[in-house]
Amino acid sequence: MTKKDLDPQKHRILILGASGYIGNSIYKELGPYFRTFGTYRTPKKEFENNQQFFQYNVEEDDVYEILQVCQPTIVISALRGDFNAQFIAHQHIAEYIVAYNCKIIFLSSANVFDAYSKFPSYELDKTLSHSIYGHFKIKIENALLRLPKKQVTIVRLPMVFGANSPRLLDMKTAISDNDAVEVFPNLIMNVMYDKKLTQQIHYIVNRNKSGVYHLGSTDLVHHDEFTKDLLALITKKKVVIKQVFTTNEDRYLAVLPKFNKLPKHLQITSQEILEELEK
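According to the working numbering, the stretch in the sequence shown is residues 292 to 570, in order.
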């Protein structure tokens, strides 16, 4: 008897973008506990052989077909790809959610606040972005926030790090190629660790939470200092640092919780993230 067999009422979860870095981390966390399905874009043996995975190209395929096959009670959207195609896909998901009374957990970004630089941002702050990426995330957030409250969870993320995170792999590539690593000295942010993030999402699923969640470290760090600490962990080489000044003043890109705080054991500091990455 597996964990999945214990409770037939347990959720059926569909992770859109389950082959990506964060989507796959969530799949590995939830897979042992729930009937968990995922989508992948690029053909790869491990996904093709996994009966729970479906090939899905957001630009070409209709998400409705996968929803009909999986019949999820929760859709977790970690999609990437063309912004317009993603927006249309989320409109179809929204229609499905209303029709079948299920839920969506949408992975958004701290970039929905990138037009505000003077303070960290909290869950109920008004979104405003100067970037194309931030605009796109806001557009989907706004569409989802029109749905019944209990059926929508928006998770806003800062930069996410982990042993296999793209950001860390990019740094390692730059080091081996003797290229410079870019830092933003005036950027104050918070950060996240992939394994803690997946535990937090597991908690949100288990406790049937809805609303807006800011999932990041409880403290704030300067981008250049955090990057230098990270580089010291992964190499003894002297790394060339390229400082990028977008402004002369400190600017914030940090998402902190005020209303939807998670239990202490699910919180993490930037120092604890560095300690985890050192293991």
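Beta carbons: idealized from backbone N, C-alpha and C, even for Gly.
Could you say which of the options lies nearest to residue i if we only look at CA atoms?
i: T364; options: S561, Q442, F378 and G502; result: Q442
i: A545; options: T509, Q343 and N497; result: T509
i: I388; options: D373, Y355 and T418; result: Y355
i: L557; options: M483, I367 and L568; result: M483
i: L568; options: L521, R447 and L478; result: L521
What do you get for residue i, buried or exposed, if any count of 16 or more other CB atoms within 10 angstroms of its CB means buried?
i: V467; result: The identity of residue 467 in the sequence shown is Ser, whereas the question assumes Val. S467 comes out exposed.
i: Q377; result: buried
i: P299; result: Caution applies to P299, whose pLDDT of 47 falls short of 50 and renders its modelled position unreliable; the value that the coordinates give is listed next. P299 comes out exposed.
Quick check: what's the CA-CA separation for residue i versus residue j?
i: V474; j: T537; result: 11 Å
i: Y407; j: P554; result: 28 Å
i: P548; j: K430; result: 22 Å
i: N402; j: S412; result: 10 Å
i: T293; j: A523; result: A caution first: T293 carries a pLDDT of 44, below 50, which makes its placement in the model unreliable, though a value can still be read off. So the alpha carbons of these two residues sit roughly 42 Å apart.
i: D296; j: Q343; result: Unreliable placement is indicated for D296, whose pLDDT of 43 sits below 50; no coordinate value is reported for it.
i: L398; j: A369; result: 6 Å
i: S501; j: F427; result: 21 Å
i: T418; j: N481; result: 18 Å
Which whole-angstrom value describes the C-beta separation of residue i and residue j, a residue pair presumed to lie in contact below a C-beta threshold of 8 Å?
i: I559; j: I396; result: About 19 Å; that fails the 8 Å criterion.
i: K529; j: A471; result: K529 to A471, Cβ: 12 Å. No contact.
i: A434; j: H381; result: 6 Å
i: E350; j: H493; result: The pair is not a contact, with the Cβ atoms about 30 Å apart (cut-off 8 Å).
i: N455; j: Y331; result: In fact, because the Cβ distance is near 16 Å, the residues do not count as touching under 8 Å.
i: D541; j: I479; result: 6 Å
Could you spell out the range, first to last residue, of the beta strand (DSSP E) harbouring residue i?
i: Q346; result: F344 to Q346
i: I559; result: Per DSSP, I559 belongs to no beta strand (DSSP E) and is neither H nor E.
i: F452; result: M450 to F452
Which residues bound the alpha helix (DSSP H) around residue i?
i: F517; result: H514 to I525
i: T611; result: Because the chain spans 292 through 570 in this model, residue 611 falls outside it and cannot be assessed.
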